[in-house]
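Residue numbers (my numbering): 9 to 267.
We put the beta carbon where it would ideally sit given N, CA and C, even for glycine.
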């Protein structure tokens, strides 16, 4: 999955772009044919130099090897979600108000992992919705209502979500393992044949059959080693209707609760 802990060797990889430049955002706005009075979502992040992504220094040795780390933490069962975001033009058209710029934690070290691209190609992935399978979702705060998820800094999907500035968490049910696998791969049309409708606040894809959904705007982005910690402010949420058992992930396999 996109969110499984990345290899330390990825530390030297370049940071993916988190937002489009002003010109590309203006073009997307025009394409959206926005209604009068509609406001544009503010940039999710500011442009800063690329950071050094090394997890350990040249003369340091990791306290545990990656294989052991994965094996031990694999004993912790998690729920499974799919994080989705709308096409950039739709996100701009539906933005009800300027989104607050994310803040960085006081104890974060190093520059924020962001940088502006110089130009977007005519045919760009932002023309389509984005999504990826995520095990690292968690509730964070009740007042204000905040949730969080972690994503690898080398993810190719996260930059598209960051540019949209919004996302929807789709909590998968026990019978949606195949749907999860579809969103766990890269380089494919993940939404082909997948039923979904727009979430009410952000227009992010809300997957049909999901046990629950949480519609969010991006509130903050923090660094966490070779991952990013994304905090979302909840704008709307709900369940799929009849209660269903959750899809679980444990030791590399899907599972479900047993009575």
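Suppose you measure from the CA of residue i to the CA of residue j; what does that come to, to the nearest Å?
{"i": "residue 257", "j": "residue 186", "result": "13 angstroms"}
{"i": "residue 149", "j": "residue 239", "result": "10 angstroms"}
{"i": "residue 95", "j": "residue 79", "result": "37 angstroms"}
{"i": "residue 264", "j": "residue 88", "result": "11 angstroms"}
{"i": "residue 243", "j": "residue 230", "result": "20 angstroms"}
{"i": "residue 205", "j": "residue 215", "result": "7 angstroms"}
{"i": "residue 174", "j": "residue 165", "result": "13 angstroms"}
{"i": "residue 250", "j": "residue 196", "result": "31 angstroms"}
{"i": "residue 183", "j": "residue 135", "result": "30 angstroms"}
{"i": "residue 169", "j": "residue 74", "result": "28 angstroms"}
{"i": "residue 252", "j": "residue 219", "result": "6 angstroms"}
{"i": "residue 129", "j": "residue 172", "result": "For residue 129, the predicted model reports a pLDDT of 46, less than 50, meaning its position is unreliable; a value from the coordinates is still stated below. Roughly 17 angstroms separates the two Cα atoms."}
{"i": "residue 147", "j": "residue 157", "result": "9 angstroms"}
{"i": "residue 232", "j": "residue 200", "result": "33 angstroms"}
{"i": "residue 138", "j": "residue 84", "result": "28 angstroms"}
{"i": "residue 178", "j": "residue 76", "result": "30 angstroms"}
{"i": "residue 72", "j": "residue 161", "result": "21 angstroms"}
{"i": "residue 234", "j": "residue 86", "result": "20 angstroms"}
{"i": "residue 82", "j": "residue 228", "result": "28 angstroms"}
{"i": "residue 202", "j": "residue 167", "result": "22 angstroms"}
State the DSSP-derived secondary structure class of residue i, mapped to helix, strand or coil.
{"i": "residue 135", "result": "helix"}
{"i": "residue 80", "result": "helix"}
{"i": "residue 157", "result": "strand"}
{"i": "residue 217", "result": "coil"}
{"i": "residue 206", "result": "strand"}
{"i": "residue 150", "result": "coil"}
{"i": "residue 196", "result": "coil"}
{"i": "residue 96", "result": "helix"}
{"i": "residue 253", "result": "coil"}
{"i": "residue 1", "result": "Missing from the structure shown is residue 1; the chain here goes from 9 to 267 and no further."}
{"i": "residue 182", "result": "coil"}
Is the beta carbon of residue i less than 8 angstroms from the beta carbon of residue j?
{"i": "residue 92", "j": "residue 213", "result": "yes"}
{"i": "residue 217", "j": "residue 248", "result": "yes"}
{"i": "residue 255", "j": "residue 181", "result": "yes"}
{"i": "residue 190", "j": "residue 198", "result": "yes"}
{"i": "residue 152", "j": "residue 69", "result": "no"}
{"i": "residue 155", "j": "residue 222", "result": "yes"}
{"i": "residue 176", "j": "residue 225", "result": "no"}
{"i": "residue 193", "j": "residue 142", "result": "no"}
{"i": "residue 140", "j": "residue 163", "result": "yes"}
For the ligand NAP, is there a heavy atom less than 7 angstroms away from the beta-carbon of residue i?
{"i": "residue 170", "result": "As far as ligands go, the structure on display features none, and thus does not contain the ligand NAP."}
In terms of residues, what are the limits of the beta strand (DSSP E) holding residue i?
{"i": "residue 231", "result": "220–232"}
{"i": "residue 175", "result": "174–179"}
For the alpha helix (DSSP H) that residue i lies in, which residues bound it at each end?
{"i": "residue 93", "result": "Not the alpha helix (DSSP H): residue 93 falls in the beta strand (DSSP E), residues 89–93."}
{"i": "residue 274", "result": "Because residue 274 is not part of the residues shown, which for the chain are 9 to 267, the question remains open."}
{"i": "residue 191", "result": "185–191"}
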